[in-house]
Amino acid sequence: MRLVDGEATNIKITTSDDLLLAEAIAADRSREASARQRIGTGYDLHRLVPGRPLILGGVTIPSDRGALGHSDADVVCHAVTDAILGAACLGDIGRHFPDSDERWSGASSLDLLARAVALARHRDLQVGNVDVTIVLEQPKIADHVGAMRAAVAAAIGIGVERVSIKGKTNEGVDAIGRGEAVAAHAIALLK
Ligand code: MG
C-alpha cells in the first residue's frame, strides 16, 4: 500500500451535469495557460558597407555590400534574440553578449540566438512562434526566406512552420531607402 497525491478536478463523468462541470474545469485551465504566455518585441539596424558579407537569418545573401558590426551583424537574429529576451524579461542582447567582450567578436548570431533560447528555458519558457519583418532596399530576399526560416527555426529548436520572415523595402526613403542600412523587427511568443 502507498499514498499518492489525488487530483480533485479529475472527476468521473456519469451524468450530463458532470460534463458541464468538466467543461468548466477545462475552460479554467486554458485561461490559466494563456495567462502564462509572454510576448516580446525586438528591433535591430546595422549600416551597410562595401566589403562585408550580408548575413540575414544565418544565411549569406549575395550583395555588393554587407552589414557592419562586431559580430556577423545579422539583424534578423539580433531582433529575434531581443524579442525572446524581452518576452522573458531578461534584458537585451547587449547585456548578455556585449560587443566589448572578445568572446562575441565575429560570433555567429545563430549561436547567440540559441543561447538566448536557453536562458529563457531556464525560466521555464519555451518559444511558441516568432514573426520577423526585414526592411532592406536591395537585394531582394524572397529567394532566401526559406533558408532563413529553416536556420532560425533550427537555432531556436522549433518547427519551421513557427518561424515567419517577411521582407519590405523602405520605398527609397531615409537611410534604409538609400541602401545605407538594413533593419529588422521581430516579435516572439513564449509559453
Ligand atoms: Mg545588431
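Numbering (the working numbering), first residue to last: -19 to 171.
Glycine is no exception: its CB is placed at the ideal position from the N, C-alpha and C atoms.
Computed from a prediction, not measured in an experiment: that's the story for all the values here.
Check: Which two residues bound the contiguous alpha helix (DSSP H) that contains R45?; Outcome: No alpha helix (DSSP H) contains R45, which is instead part of the beta strand (DSSP E) from R45 to A47.
Check: Compute the minimum distance between the beta carbon of H58 and the heavy atoms of the ligand MG, and state whether it is under 6 angstroms.; Outcome: yes
Check: Does the separation of the CB atoms of R56 and L36 fall below 7 angstroms?; Outcome: In the sequence as presented, Arg is not what sits at residue 56; that position holds Val. Cβ atoms of V56 and L36: closer than 7 angstroms.
Check: So, at 8 angstroms on beta carbons, what are the nonlocal neighbours of I94 in its own chain, with the 5 sequence-adjacent residues on each side left out?; Outcome: Reading off the sequence shown, one finds Ala at residue 94, where the question assumed Ile. Around A94: A135, I136 and G137.
Check: Just to confirm, are A67 and L0 a CB contact at a threshold of 7 angstroms?; Outcome: no
Check: Quick one, are the C-beta atoms of V39 and A131 less than 7 angstroms apart?; Outcome: yes
Check: Tell me which residue opens and which closes the alpha helix (DSSP H) that A131 is part of.; Outcome: V125 to I136
Check: Please identify the residue among D52, A47, E12 and L25 whose C-alpha is closest to the C-alpha of S85.; Outcome: D52
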